[in-house]
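Heads up: the sequence shown runs through residues 340 to 481, numbered per the working numbering.
Every residue, glycine too, gets a C-beta built ideally from N, C-alpha and C.
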Amino acid sequence: MKTVESSSRLLLLFKMQLEDGTEVESNFDDEAIEFQIGNGSLTSGMEDALIGKNPGETVSVKLSPELAFGMPDANNIHSMPIEDFPKDMPPEENQVIAFDGPDETEIMGTIVGISKDEVEVDFSHPLAGRVINFTAKIVSIL
Numbered sequence: 340m341k342t343v344e345s346s347s348r349l350l351l352l353f354k355m356q357l358e359d360g361t362e363v364e365s366n367f368d369d370e371a372i373e374f375q376i377g378n379g380s381l382t383s384g385m386e387d388a389l390i391g392k393n394p395g396e397t398v399s400v401k402l403s404p405e406l407a408f409g410m411p412d413a414n415n416i417h418s419m420p421i422e423d424f425p426k427d428m429p430p431e432e433n434q435v436i437a438f439d440g441p442d443e444t445e446i447m448g449t450i451v452g453i454s455k456d457e458v459e460v461d462f463s464h465p466l467a468g469r470v471i472n473f474t475a476k477i478v479s480i481l
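Now the structure itself:
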């Protein structure tokens with residue numbers, strides 16, 4: 340029987356939850372999604388949990404921040420003028436916003452502070468520093 344290897348393409352059903360059970364993302368009620376092990380679309384901890392497993396198998400692991408989305412980095416916090424934010428959408432603390440990045444990419448940032456003139460935005464991954472419960476069912480190995 341074929342098992343998941345470091346270069347496998349998979350069809351997966353998966354969900355990610357915070358420690359308190361809050362669901363971050365899931366496709367268990369939808370169609371399986373194709374993933375390529377090693378291309379960075381899954382974290383190293385998620386990939387490691389899948390290696391050696393068989394089609395039809397379900398994996399559930401608790402991932403430390405280091406194996407999930409890393410730790411927040413103070414170097415990723417930047418101040419922006421409050422007037423850069425639309426008047427009809429004032430910034431709010433803990434709000435996650437997509438910002439235009441280089442090469443027409445989007446970068447997610449979390450508002451961590453607001454003053455009269457500036458907004459502090461943390462461009463670390465929004466789930467950085469969080470323990471993630473990852474569950475995946477391997478539908479097939481392609």
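When DSSP states are grouped into helix, strand and coil, Asp-412 belongs to the coil group.
Residues Leu-352 and Lys-354 of the same chain have their beta carbon placed closer than 7 angstroms to that of Phe-367, with the five preceding and five following residues left out of the count. Taken through DSSP and simplified to helix, strand or coil, Pro-420 comes out as strand. For the 7 angstroms CB-CB criterion, Ile-477 and Lys-401 do not form a contact.
For Glu-362, the enclosing beta strand (DSSP E) starts and ends at 362-365. In the DSSP assignment, Ser-399 falls outside any alpha helix (DSSP H) and lies within the beta strand (DSSP E) extending over 397-402.
Here Ala-475 carries a strand assignment [DSSP, helix/strand/coil]. In this model, Thr-449 and Asp-412 are separated by some 12 angstroms (Cα to Cα).
Buried is the label assigned to Glu-386, since at least 16 other Cβ atoms lie within 10 Å of its Cβ. Between Ala-388 and Val-398, the beta carbon gap of about 5 angstroms places them in contact (Cβ cut-off 8 angstroms).
Ile-372 places its beta carbon 7 angstroms or farther from that of Ser-345. For Phe-374, DSSP records a beta bridge to Leu-349.
Closest in C-alpha terms to Asp-359, from the list Phe-473, Asn-415 and Ile-436, comes Phe-473.
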